[in-house]
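Trainee:
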Amino acid sequence: MAKLPSKYAAQRNLVLETLKLSPKTTYDLRRMGIFQPPTRVFELKAMGYPIQTSRVRVVDQDGYPHNGVALYSLEGAKP
27 MAKLPSKYAA QRNLVLETLK LSPKTTYDLR RMGIFQPPTR VFELKAMGYP IQTSRVRVVD
87 QDGYPHNGVA LYSLEGAKP
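Anchor point for the sequence shown: position 38 equals 64 in my numbering, and the numbering is continuous, going up by one each time.
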C-alpha cells in the first residue's frame, strides 16, 4: 500500500485508541470528529490492525432507525 497521508495520523490514532476501549459504530466515530470512519478503518486494517466490522441497527438522535451501520471492534481488545 502507498504511504498514508500523515495529516490523517491523528484521526487514525484516535480511532485505534477508542477501539481499544470498546467497539464503536460509524456514528460514534463521527461524533468524535472522524468524518470518514470507513476510510480510517480501511487504512488501519492495511497497516495490519485486526479490526472486525459487523453490521448493526442503530436509532439516531431523532428516533429514526438505520440498518446496516458498521460496528468496528479491535480483535483482542478488552470488552
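Beta carbons: idealized from backbone N, C-alpha and C, even for Gly.
Since we're looking at a predicted model, the values are computed, not measured.
(1) Since residue 51 and residue 85 should fall inside the 8 Å C-beta cutoff, what is the C-beta to C-beta distance between them, to a whole number of angstroms?
(2) Would you check if the distance between the CB atom of residue 100 and the CB atom of residue 79 is smaller than 9 Å?
(3) From residue 67 to residue 93, what distance separates their C-alpha atoms?
(4) What number of angstroms, rounded off, separates the C-alpha of residue 43 from the C-alpha of residue 72?
(5) Considering only the alpha carbon of each residue, which of 102, 74, 34 and 46 lies closest to residue 60?
(6) Give the DSSP bridge partners of residue 97, in chain order.
Mentor: Quick look at the numbers:
(1) Reading the sequence shown from its first residue, position 25 is the one you call residue 51. Reading the sequence shown from its first residue, position 59 is the one you call residue 85. At roughly 11 Å, the Cβ-Cβ gap does not stay under 8 Å, so residue 51 and residue 85 are not in contact.
(2) What you label residue 100 is simply residue 74 of the sequence shown in a count that begins at 1. What you label residue 79 is simply residue 53 of the sequence shown in a count that begins at 1. Contact: no.
(3) For the purposes of this step, residue 67 is identified with residue 41 of the sequence shown, where counting begins at 1. For the purposes of this step, residue 93 is identified with residue 67 of the sequence shown, where counting begins at 1. Looking at the two C-alpha atoms, the distance is approximately 20 Å.
(4) Working through the sequence shown from its first residue, we reach residue 43 at position 17. Working through the sequence shown from its first residue, we reach residue 72 at position 46. Residue 43 and residue 72: Cα-Cα distance of roughly 17 Å.
(5) Here the question's residue 60 lines up with position 34 in the sequence shown. Comparing Cα positions, the closest option is 34.
(6) Within the sequence shown, the letter at position 71 stands for residue 97. Paired residue(s): 51 and 80.
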